[in-house]
Amino acid sequence: MPRILVVEDEKSILELVRYNLEREGFSVITALDGVQGLALARSQTPDLIVLDVMLPGMNGLDVCRELRHSEQTENLPIVMLSARADELDRVLGLEMGADDYVTKPFSTRDLISRIKARLCSESASKEKKAEGPGRCQLDPGSGTFDKEREV
Numbered sequence: 193m194p195r196i197l198v199v200e201d202e203k204s205i206l207e208l209v210r211y212n213l214e215r216e217g218f219s220v221i222t223a224l225d226g227v228q229g230l231a232l233a234r235s236q237t238p239d240l241i242v243l244d245v246m247l248p249g250m251n252g253l254d255v256c257r258e259l260r261h262s263e264q265t266e267n268l269p270i271v272m273l274s275a276r277a278d279e280l281d282r283v284l285g286l287e288m289g290a291d292d293y294v295t296k297p298f299s300t301r302d303l304i305s306r307i308k309a310r311l312c313s314e315s316a317s318k319e320k321k322a323e324g325p326g327r328c329q330l331d332p333g334s335g336t337f338d339k340e341r342e343v
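In terms of our numbering, the sequence shown opens at residue 193 and continues consecutively.
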């Protein structure tokens, strides 16, 4: 089961994301600030990080930059989650190394679909079995991704 690190200082959002990820079968670890999030990313080796931008201690952009400059975490998928919705903020997040950028308010279904897609993409590239676009297929009925069959 994939392990997701959620770094979010707003407890209500943190719990909402945790609850929905666990309901989907993910293992979830959490941090309330950037310093703790960076430490957990290095020590717990999650499969993906959901990272808020505006965090106490160390902001999410700095955490993202640090993760991208470390050999241990440079390829770790990062989904930024932020109330900063301007185009410049989104572009900056992606240029700092985030793989995706979701703005608040957000749909948990959308966030989870993006997480699943990113994990499926990472898995396919790690296995070197990706044969081009469409390798990971979404089953609209269940909302799950299937790497082995076409839907």
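Cβ coordinates follow ideal geometry from the N, Cα and C atoms, glycine included.
Pairwise C-alpha distance: residue j and residue i
i: A275; j: P297; result: 7 angstroms
i: R215; j: D254; result: 30 angstroms
i: R310; j: L243; result: 14 angstroms
i: M193; j: A290; result: 23 angstroms
i: E258; j: A233; result: 11 angstroms
Residues near residue i by beta carbon distance below 8 angstroms, same chain, minus five either side
i: G226; result: V199, L247, P248, G249, M250, N251, G252, D254 and V255
i: I304; result: N212, L213, E216 and G335
i: R260; result: E266, M288 and G289
The alpha helix (DSSP H) enclosing residue i, as first and last residue numbers
i: L281; result: The question names Leu, but residue 281 in the sequence shown is Asp. Element bounds for D281: E279 to E287.
Proximity of residue i and residue j at Cβ, strictly below 8 angstroms
i: I196; j: F218; result: yes
i: T300; j: L206; result: no
i: I307; j: V283; result: no
i: L224; j: D201; result: yes
i: V294; j: L268; result: no
Beta strand (DSSP E) segment containing residue i, residue limits
i: D292; result: D292 to T295
Residues near residue i by beta carbon distance below 7 angstroms, same chain, minus five either side
i: R210; result: V198, V220 and T222
At 4 residues or longer, and completely inside the region 205-261: list those alpha helix (DSSP H) runs for me, N to C.
226-236 and 252-260
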